[in-house]
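FYI, in the working numbering the residues of the sequence shown are 1 to 179.
Don't be surprised by glycine CBs; every beta carbon is placed ideally from N, CA and C.
Read through the structure below, which is laid out as structure tokens, and then see the notes.
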Amino acid sequence: MEVIELKNADSDFPDLVKKFGGLNLSACYQCGTCSSDCPVSTEFFYRVRRIMRRTALGLKDKVLPEKDIWCCTTCFTCFDRCPQEVNPTDVIVALRRISAREGYTPQASRNTSANITKLGHAVPSLEDIEKKREGIGLPARPPTAASHPEAIDEIQKIVKKRGIAEIIRFNWDKMELEE
Ligand code: SF4
Ligand code: SF4
Numbered sequence: 001m002e003v004i005e006l007k008n009a010d011s012d013f014p015d016l017v018k019k020f021g022g023l024n025l026s027a028c029y030q031c032g033t034c035s036s037d038c039p040v041s042t043e044f045f046y047r048v049r050r051i052m053r054r055t056a057l058g059l060k061d062k063v064l065p066e067k068d069i070w071c072c073t074t075c076f077t078c079f080d081r082c083p084q085e086v087n088p089t090d091v092i093v094a095l096r097r098i099s100a101r102e103g104y105t106p107q108a109s110r111n112t113s114a115n116i117t118k119l120g121h122a123v124p125s126l127e128d129i130e131k132k133r134e135g136i137g138l139p140a141r142p143p144t145a146a147s148h149p150e151a152i153d154e155i156q157k158i159v160k161k162r163g164i165a166e167i168i169r170f171n172w173d174k175m176e177l178e179e
């Protein structure tokens, strides 16, 4: 059984989560239906009900730095099942937004964001894939940002405007992530 220490709770945290999109957090009555149907809950550490509880109690230090919130696949099963219409998926996405702004973005997500910033794609166009495409009569590169450098310029404008580079700590001079 989890022992909950409330001495470090932040009573403003639930309101912050609502501001970032987790609008119905306070409706959760801890029935556990979300956890029982969540496909990720087969992993021993992950319980969406526990994330809802800790968040509602203001235990941000138990939520924001933890890997749990990044394990959700956003499949929306909990959205469909929750009898209180809490929409736990929205709460988790809100937590990710706050967590990222506090510098906790996982390295894999930083890498993906850096690829999108540099190349317009989460996964770069690899040489062997380009050869395979040509082998079946396709252009080496798909008709996406991979073939349209001007589209990458547009993506970079969005990254700058939305402050994403600061969140993932992307160095524009070196065009790579900082440590
Ligand atoms: S199903 Fe809804 S009410 Fe039940 S624990 Fe999950 S979020 Fe809370
Ligand atoms: S949206 Fe996330 S938390 Fe909800 S059921 Fe799917 S994986 Fe689990």
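Query	Result
The alpha helix (DSSP H) spanning Arg53 covers which residue range?	48 to 56
Short of 8 Å in beta carbon distance, which residues of its chain neighbour Ile136, apart from the five on each side in sequence? Order them along the chain.	none
How is the alpha helix (DSSP H) around Asn111 delimited, first residue to last?	107 to 119
How about Ile155: is its Cβ closer than 7 Å to a heavy atom in ligand 2?	no
For the pair the stretch 53 to 73 and the stretch 95 to 103, tell me if three or more CB-CB distances fall below 8 Å.	yes
Which of helix, strand or coil does DSSP assign to Leu64?	coil
When you measure from the CB of Ile92 to every non-hydrogen atom of ligand 2, does any distance come out below 7 Å?	yes
Mapping the DSSP letters down to three states, classify Phe76 as helix, strand or coil.	coil
Which one of Tyr29, Cys82, Leu64 has the shortest CA to CA distance from Leu95?	Leu64
Rounded to whole angstroms, what is the Cα-Cα separation between Cys28 and Gln84?	6 Å
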